[in-house]
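Here the structure comes first, spelled out in structure tokens, and everything after it is commentary.
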Amino acid sequence: MTAVESAVKNQPLSPPPIVPSFAVIPGAQVQRALQGREKEIVELIEATYRLHGAGDSVNPPSYFLRFPDRPSSRIIALPASLGGSHRVDGLKWISSFPGNVAAGIPRASAVLILNDPDTGYPFACLESSIISATRTAASAALAADRLSRGRSRPARVGFFGAGLIARYINSFLIGTGWSFDEIGVYDLAADSAAGFRGYLEQSGTAIRITVHDSAERLIRDSDLVVFATIAGEPHVHDSSWFSHDPLVLHVSLRDLAPEILLSSTTIVDDVEHCLKANTSPHLAEQLTGNRDFVHGTLDDVLAGRLTVPTDRPVIFSPFGLGVLDLAVGKFVYDQMARSGELHVIDDFFAELRRHG
Ligand SMILES: NC(=O)c1ccc[n+]([C@@H]2O[C@H](COP(=O)([O-])OP(=O)(O)OC[C@H]3O[C@@H](n4cnc5c(N)ncnc54)[C@H](O)[C@@H]3O)[C@@H](O)[C@H]2O)c1
955 MTAVESAVKN QPLSPPPIVP SFAVIPGAQV QRALQGREKE IVELIEATYR LHGAGDSVNP
1015 PSYFLRFPDR PSSRIIALPA SLGGSHRVDG LKWISSFPGN VAAGIPRASA VLILNDPDTG
1075 YPFACLESSI ISATRTAASA ALAADRLSRG RSRPARVGFF GAGLIARYIN SFLIGTGWSF
1135 DEIGVYDLAA DSAAGFRGYL EQSGTAIRIT VHDSAERLIR DSDLVVFATI AGEPHVHDSS
1195 WFSHDPLVLH VSLRDLAPEI LLSSTTIVDD VEHCLKANTS PHLAEQLTGN RDFVHGTLDD
1255 VLAGRLTVPT DRPVIFSPFG LGVLDLAVGK FVYDQMARSG ELHVIDDFFA ELRRHG
């Protein structure tokens, strides 16, 4: 027997893969698993961006399902695979039906499927509107922190669009240590602005809250501007509104005219993802014919490859990566598994012998 043959023969056999059990994790459990853990989740999101930046992930383009008879609605599929110490594959399937809001229910609803990387079998289905809002807000809080280093820390925050995502971003900013002298709110719908104000007041803030009736006033009065509208095309066109060089979290992606991006520092989460689907960065690429206006990714900043200039506005446009949903979903699953609270569905997979 050669040395190689004997090494192969004596290698410890890895256990044969087994079919995992299948669990359903409802929103109430997801909420409990994530509540009060803002700092931990921001660290998880940072680690996930770093893995993605290092190439230890697969994150193909999102697939948009649209309906000719319901043009304002859509359902998006975000498949992804995450490496590192918490390897997991999966898919987020998230609907956006803006008409829901008039009926008093949230616009977005979602599930996340987690797949076992050894067998491919799905092993969990999680309510995922909370996971999606959480990873979006954690990414925004991370960006607010890292992109404001080197400039004076924003003391006045302005929410442009005051729905569920704005609420989550506010909680994550506060939960990761931000405090503000003033909170500004602007929303086309007076009841959304009033509802958001009510939430801020109930959360016990003693900070001055101003509901603006002018978009220009909100932007000019804020050092940190959070866009969380549902605008489908740019509605803010005047670069002079940003002459005080604010930090802008452009979470809703389509609010700003491309010219504003061209006169700012533009940071994205992933260039290929973000320059698609008529986002403002995509429009800027169409306008200029190149991608030179993109200064880099958040991972470039996290890794110290990029220093953010302080003498112009900084605009972070995150497309939203499926790997972030996987990371937060796996975090929730692991907690439920550890605490013995998983709702396992007995006999979910019932055809387990190939030849019967
Ligand atoms: N980039 C990401 O990773 C990511 C992730 C999740 C959600 N989002 C985006 O965040 C946005 C907000 O989501 P949500 O769940 O909070 O929605 P929502 O419907 O709860 O709230 C949106 C608010 O924006 C207001 N609005 C719409 N157009 C406006 C305009 N032109 N000016 C001012 N206000 C306006 C609406 O009145 C509403 O109150 C959506 O566009 C969603 O796609 C982005």
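Numbering (the numbering used here), first residue to last: 955 to 1310.
Glycine residues also receive a C-beta, built at the ideal position from the N, C-alpha and C atoms.
Q: Would you identify the three-state DSSP class for Lys950, choosing helix, strand or coil?
A: This structure does not reach residue 950, given that the chain is present from 955 up to 1310, and the question cannot be answered.
Q: Please determine, among Asp1279, Leu1306, Arg1100, the residue with the shortest C-alpha to C-alpha distance to Leu1256.
A: Sequence index remark: in the sequence shown, residue 1256 carries index 302 (1-based). Per the Cα distances, Arg1100.
Q: Can you tell me which of Leu1127, Ile1137, Asp1192, Glu1081 puts its alpha carbon nearest to the alpha carbon of Glu1358?
A: The requested residue 1358 does not occur in the structure, where the chain is confined to residues 955 to 1310.
Q) Is there contact here, the segment 1296-1307 with the segment 1010-1026, by at least three beta-carbon pairs under 8 Å? A) In this structure the segment 1296-1307 does not touch the segment 1010-1026; the number of beta carbon pairs closer than 8 Å is below three.
Q: Alpha carbon to alpha carbon, how far is Pro969 from Val962? Give it in angstroms, no decimals.
A: Your numbering for residue 962 matches position 8 in the sequence shown. Your numbering for residue 969 matches position 15 in the sequence shown. Note that Val962 scores a pLDDT of 49, beneath 50, so its modelled location is shaky; the value from the coordinates is reported in the next line. Rounded to whole angstroms, Val962 to Pro969 spans 16 Å at the Cα level.
Q. Which term fits Gln1234, buried or exposed, when burial requires 16 or more other beta carbons within 10 angstroms of its beta carbon?
A. Your numbering for residue 1234 matches position 280 in the sequence shown. According to the sequence provided, residue 1234 is Ser. The question's Gln does not apply to it. Counting every other CB atom within 10 Å of its CB across the protein chains shown gives Ser1234 a total of 16 or more, marking it as buried.
Q.
Looking at the secondary structure, which residues open and close the beta strand (DSSP E) in which Val1222 lies?
A. Indexing the sequence shown from 1 puts residue 1222 at position 268. Taken as a continuous stretch (DSSP letters only), the beta strand (DSSP E) holding Val1222 covers 1219-1222.
Q.
Going by the DSSP bridge assignment, what does Gly1250 pair with across the sheet?
A. Sequence index remark: in the sequence shown, residue 1250 carries index 296 (1-based). DSSP, once it has assigned bridges, lists Ile1221 as partnering Gly1250.
Q.
For ligand 1, is there any heavy atom lying closer than 8 Å to the beta carbon of Val1065?
A. Walking along the sequence shown from the start, residue 1065 turns up at place 111. Val1065: no, Cβ never under 8 Å from ligand 1.
Q: On a CA-only basis, which of Thr1164, Tyr1140, Ala1144 is nearest Phe1181? Give me that one, please.
A: Along the sequence shown, read from residue 1 onward, the residue named residue 1181 stands at position 227. The alpha carbon of Phe1181 has as its nearest neighbour, out of Thr1164, Tyr1140, Ala1144, the alpha carbon of Tyr1140.
(Q) Any heavy atom of ligand 1 inside 8 Å of the beta-carbon of Val1222? (A) If you number the sequence shown from 1, residue 1222 lands on position 268. Flag unset: Cβ of Val1222 not near ligand 1.
Q: Taking only runs that begin and end inside the segment 1043-1103, name each unbroken alpha helix (DSSP H) of 4 or more residues, in chain order.
A: 1083-1101, all fully within the segment 1043-1103.
Q | Reference Ile1269, options His1249, Ile1048, Ile1128, Gly1283, closest by Cα | A | Taking the sequence shown and counting its residues from 1, the one referred to as residue 1269 is at position 315. Out of His1249, Ile1048, Ile1128, Gly1283, His1249 has the C-alpha closest to the C-alpha of Ile1269.
Q) With 16 other CB atoms within 10 Å as the buried threshold, where does Pro1108 fall? A) Along the sequence shown, read from residue 1 onward, the residue named residue 1108 stands at position 154. With 16 or more other Cβ atoms within 10 Å, it is buried.
Q. Which residues share a DSSP beta bridge with Tyr1140?
A. The sequence position of residue 1140 within the sequence shown is 186, counting from 1. Beta-bridge pairing by DSSP links Tyr1140 to Phe1114.
Q | Whether Leu1215 touches Thr1183 by CB criterion (9 Å) | A | On the sequence shown, residue 1215 is found 261 positions in, with the first residue counted as 1. On the sequence shown, residue 1183 is found 229 positions in, with the first residue counted as 1. The beta carbons of Leu1215 and Thr1183 sit no closer together than 9 Å.
Q) In terms of residue numbering, what span does the beta strand (DSSP E) encompassing His1322 cover? A) The structure shown does not extend to residue 1322, since the chain is modelled only from 955 to 1310, so the question has no answer here.
Q. Between Leu1275, Arg1292, Ala1231, which lies nearest to Val1012 when the distance is taken from Cα to Cα?
A. For the purposes of this step, residue 1012 is taken as the residue at position 58 of the sequence shown. Nearest of Leu1275, Arg1292, Ala1231 to Val1012, Cα basis: Leu1275.
Q: Would you mind giving the Cβ-Cβ distance between Ala977 and Val1298, rounded to the nearest angstrom? I have them listed as a contact below 8 Å.
A: For this step, residue 977 is matched to residue 23 along the sequence shown. For this step, residue 1298 is matched to residue 344 along the sequence shown. Taking the Cβ atoms as the reference, Ala977 lies roughly 5 Å from Val1298, within the contact range of under 8 Å.
Q) Using a threshold of 8 Å, is the CB atom of Gly990 nearer than that to any non-hydrogen atom of ligand 1? A) Taking the first residue of the sequence shown as 1, we reach residue 990 at position 36. Distances from the CB of Gly990 to the heavy atoms of ligand 1 are all 8 Å or more.
Q) Leaving out five residues before and five after Val996 in sequence, what residues of the same chain have Cβ atoms less than 6 Å from its Cβ? A) Start at 1 with the first residue of the sequence shown, and residue 996 comes out as number 42. The beta carbon of Val996 lies closer than 6 Å to those of Ala1092, Ala1095, Leu1096, Thr1130 in the same chain, with the five residues before and after it left out.
Q) Does any heavy atom of ligand 1 sit closer than 8 Å to the C-beta of Tyr1140? A) Within the sequence shown, the letter at position 186 stands for residue 1140. If you check the C-beta of Tyr1140 against ligand 1, you find a heavy atom less than 8 Å away.
Q) Residues bridged to Arg1020 by DSSP? A) In the sequence shown, counting from the first residue as 1, residue 1020 sits at position 66. According to DSSP, which records beta bridges pairwise, Arg1020 is partnered with Arg1028.
Q. Name the DSSP bridge partner or partners of Thr1164?
A. Taking the first residue of the sequence shown as position 1, residue 1164 is located at position 210. Answer is Gly1138.
Q | Contact set for Pro974: own chain, Cβ-Cβ below 6 Å, skip 5 residues either direction | A | By 1-based counting over the sequence shown, the position of residue 974 is 20. Answer for Pro974: Asp1070, Tyr1075, Phe1077, listed in chain order.
Q: May I have the straight-line CA-CA distance separating Ile1085 from Ala1238, to the nearest angstrom?
A: Counted from its first residue, the sequence shown places residue 1085 at position 131. Counted from its first residue, the sequence shown places residue 1238 at position 284. Roughly 30 Å separates the two Cα atoms.
Q. Could you give the C-beta distance for Thr1164 and Val1282, rounded to a whole number, given that I count them as a contact under 8 Å?
A. To locate residue 1164, count along the sequence shown from 1; it is residue 210. To locate residue 1282, count along the sequence shown from 1; it is residue 328. Incorrect: roughly 33 Å between the Cβ atoms, too far for contact.
Q: Would you be able to state if there are at least three C-beta pairs under 8 Å between the segment 1201-1211 and the segment 985-999?
A: Taking 8 Å as the limit for Cβ pairs, the verdict is that the segment 1201-1211 does not touch the segment 985-999.
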